[in-house]
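Visitor: In order, the protein sequence lines correspond to chains A and B.
Per our numbering, the first sequence runs over residues 1 to 108.
Per our numbering, the second sequence runs over residues 1 to 108.
I have a structure here, written as structure tokens, and I will follow up with some questions on it.
There are 2 protein chains.
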Amino acid sequence: MTPALLARVAGRFRALAEPARLAILHALEDGERTVTELVETTDLAQGNLSKHLQQLFAAGFVTRRREGLFVYYALADDDVLALCELMCGRVADDAAAEHLLLAGARRR
Amino acid sequence: MTPALLARVAGRFRALAEPARLAILHALEDGERTVTELVETTDLAQGNLSKHLQQLFAAGFVTRRREGLFVYYALADDDVLALCELMCGRVADDAAAEHLLLAGARRR
DNA sequence: TCTCTGTACTCCGATACGGTAATATTCTTT
DNA sequence: AAAGAATATTACCGTATCGGAGTACAGAGA
Numbered sequence: 001m002t003p004a005l006l007a008r009v010a011g012r013f014r015a016l017a018e019p020a021r022l023a024i025l026h027a028l029e030d031g032e033r034t035v036t037e038l039v040e041t042t043d044l045a046q047g048n049l050s051k052h053l054q055q056l057f058a059a060g061f062v063t064r065r066r067e068g069l070f071v072y073y074a075l076a077d078d079d080v081l082a083l084c085e086l087m088c089g090r091v092a093d094d095a096a097a098e099h100l101l102l103a104g105a106r107r108r
Numbered sequence: 001m002t003p004a005l006l007a008r009v010a011g012r013f014r015a016l017a018e019p020a021r022l023a024i025l026h027a028l029e030d031g032e033r034t035v036t037e038l039v040e041t042t043d044l045a046q047g048n049l050s051k052h053l054q055q056l057f058a059a060g061f062v063t064r065r066r067e068g069l070f071v072y073y074a075l076a077d078d079d080v081l082a083l084c085e086l087m088c089g090r091v092a093d094d095a096a097a098e099h100l101l102l103a104g105a106r107r108r
């Protein structure tokens, strides 16, 4: 476990540590999309969205394909989804637990 | 995919987006450790380490157990390791690819 | 070539985060 | 009760990062 490796792994996690970027990945789940399409589905400003796409691309989570004026972005592989699902599972569990707690607190 | 959920997931990823915290998790791989032990194995200052531990605890990645003066931290479950392994796999692949590229470049 | 559309980049202000140093808290021991 | 050890917390500083606005670049068509 060299420091360089840790930094690389941390950098990859950092690329996923942003709601906007997770929303982008989610929007790409069922196929490639152009930047314009993503602007609509994610409600991000174009410039902002583009920056996030660069980061996802740099981290290797998405691929790019130019076709005329448009650029199509797509998920690079299934690992991203696997990571997100693992994380979502934990979050969902916690949310359920919290609801129980809240319900219990309300009952008192 | 509500914004609140995205934020929670992003927050969890953010907890792993730091070399220092990954080093801590790595140090916990083969069993619980006290803060003092972690100070030695991770080379982090005590106050700094404690802050990172709080974040990992808040994110649910580690558990705490007090025993006298000492506090023992441990991995909360296997999901953390699964996440890290997934991420490390990608990084390792990329590193290998880079080495090939470098080797190729050197050869020319 | 000029123009228009889609995408990327740059600059800026605000905010968040990591590291350090100092201090506070908690528990044990005498 | 006092002192000492282990851990947590706070204040502060420097830096990174996000979002917005404007601008630059790339490709298509007249």
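Just so you know, even glycine gets a beta-carbon here, dropped at the ideal spot from N, CA and C.
Anything in chain B within Cβ reach of A/Val91, meaning under 8 Å, just list it in chain order.
Guide: Here the question's residue 91 of chain A lines up with position 91 in the first sequence. Ordered by position in chain B, the residues that pass the 8 Å Cβ test against A/Val91 are Leu5, Arg8, Val9, Arg12.
Visitor: Do B/Gln55 and B/Ala15 have their C-beta atoms closer together than 7 Å?
Guide: On the second sequence, residue 55 of chain B is found 55 positions in, with the first residue counted as 1. On the second sequence, residue 15 of chain B is found 15 positions in, with the first residue counted as 1. A contact, by the Cβ cut-off of 7 Å.
Visitor: Using a Cβ-Cβ cut-off of less than 7 Å, list which residues of the segment 64-77 of chain B approach chain A; keep chain order.
Guide: Listed by position, the residues of the segment 64-77 of chain B near chain A (Cβ gap below 7 Å) amount to none.
Visitor: Please report how far the alpha carbon of A/Asp93 lies from the alpha carbon of B/Leu49, in whole angstroms.
Guide: Reading the first sequence from its first residue, position 93 is the one you call residue 93 of chain A. Reading the second sequence from its first residue, position 49 is the one you call residue 49 of chain B. C-alpha separation (whole angstroms): 27 Å.
Visitor: Straight-line CA distance for A/Met87 to B/Leu5?
Guide: Indexing the first sequence from 1 puts residue 87 of chain A at position 87. Indexing the second sequence from 1 puts residue 5 of chain B at position 5. About 11 Å.
Visitor: Report yes or no: is there a C-beta of chain B within less than 7 Å of the C-beta of A/Ala23?
Guide: Within the first sequence, residue 23 of chain A is the residue found at index 23, counting from 1. Yes - at least one Cβ of chain B is within 7 Å of the one on A/Ala23.
Visitor: Helix, strand or coil for B/Glu29? Go by DSSP, reduced to three states.
Guide: Residue 29 of chain B sits at position 29 when you count from the first residue of the second sequence. Of the three classes helix, strand and coil, the one that applies to B/Glu29 here is coil, per DSSP.
Visitor: Whole angstroms are fine: how far does the CA of A/Ala7 sit from the CA of B/Arg64?
Guide: Position 64 of the second sequence, counted from the first residue, corresponds to residue 64 of chain B. Position 7 of the first sequence, counted from the first residue, corresponds to residue 7 of chain A. When rounded, the distance between both Cα atoms is 26 Å.
Visitor: Is any beta-carbon of chain B found at less than 7 Å from that of A/His52?
Guide: For the purposes of this step, residue 52 of chain A is identified with residue 52 of the first sequence, where counting begins at 1. A/His52 does not count as touching chain B.
Visitor: Kindly list the residues whose CB is nearer than 8 Å to the CB of A/Ala76, restricted to its own chain and excluding five residues on each side of it in sequence; keep chain order.
Guide: If you number the first sequence from 1, residue 76 of chain A lands on position 76. Gly60, Phe61, Val62, Thr63, listed in sequence order.
Visitor: By the 7 Å beta-carbon criterion, what residues does the segment 17-50 of chain A contribute toward chain B?
Guide: The segment 17-50 of chain A vs chain B, Cβ under 7 Å: Ala17, Glu18, Pro19, Leu22, Ala23, His26.
Visitor: Does DSSP put A/Leu75 in a helix, in a strand, or in coil?
Guide: To locate residue 75 of chain A, count along the first sequence from 1; it is residue 75. The answer is strand: DSSP assigns A/Leu75 an E or B state.
Visitor: How should A/Leu126 be labelled, buried or exposed, when 16 other C-beta atoms within 10 angstroms of its C-beta is the threshold for buried?
Guide: In the structure as shown, chain A begins at 1 and stops at 108. Residue 126 of chain A is therefore absent and cannot be evaluated.
Visitor: I'd like the span of the alpha helix (DSSP H) that includes B/Thr36, first residue to last.
Guide: Within the second sequence, the letter at position 36 stands for residue 36 of chain B. Here the alpha helix (DSSP H) through B/Thr36 covers 35-42.
Visitor: Please report whether the beta-carbon of A/Leu83 lies at a distance below 7 Å from any beta-carbon of chain B.
Guide: Taking the first residue of the first sequence as 1, we reach residue 83 of chain A at position 83. Yes, because at least one Cβ of chain B sits closer than 7 Å to the Cβ of A/Leu83.
Visitor: Have a look at B/His26 and A/Glu67 and give me their C-alpha separation to the nearest angstrom.
Guide: Here the question's residue 26 of chain B lines up with position 26 in the second sequence. Here the question's residue 67 of chain A lines up with position 67 in the first sequence. Straight-line Cα distance between these residues: approximately 44 Å.
Visitor: Do B/Glu37 and B/Tyr72 count as a contact pair if the criterion is CB distance below 7 Å?
Guide: Taking the first residue of the second sequence as 1, we reach residue 72 of chain B at position 72. Taking the first residue of the second sequence as 1, we reach residue 37 of chain B at position 37. Going by C-beta atoms, B/Tyr72 is not nearer than 7 Å to B/Glu37.
Visitor: Please check if any C-beta of chain B sits within less than 7 Å of the C-beta of A/Leu56.
Guide: Locating residue 56 of chain A in the first sequence gives position 56, counting from the first residue. Answer no: the Cβ-Cβ gap between A/Leu56 and chain B never drops below 7 Å.
Visitor: Closer than 7 Å, CB to CB, is A/Leu100 near chain B or not?
Guide: Indexing the first sequence from 1 puts residue 100 of chain A at position 100. So, not an interface residue.
Visitor: In the DSSP assignment, what are the bridge partners of B/Glu67?
Guide: Taking the first residue of the second sequence as 1, we reach residue 67 of chain B at position 67. Looking at the DSSP assignment, B/Glu67 forms a beta bridge with B/Phe70.
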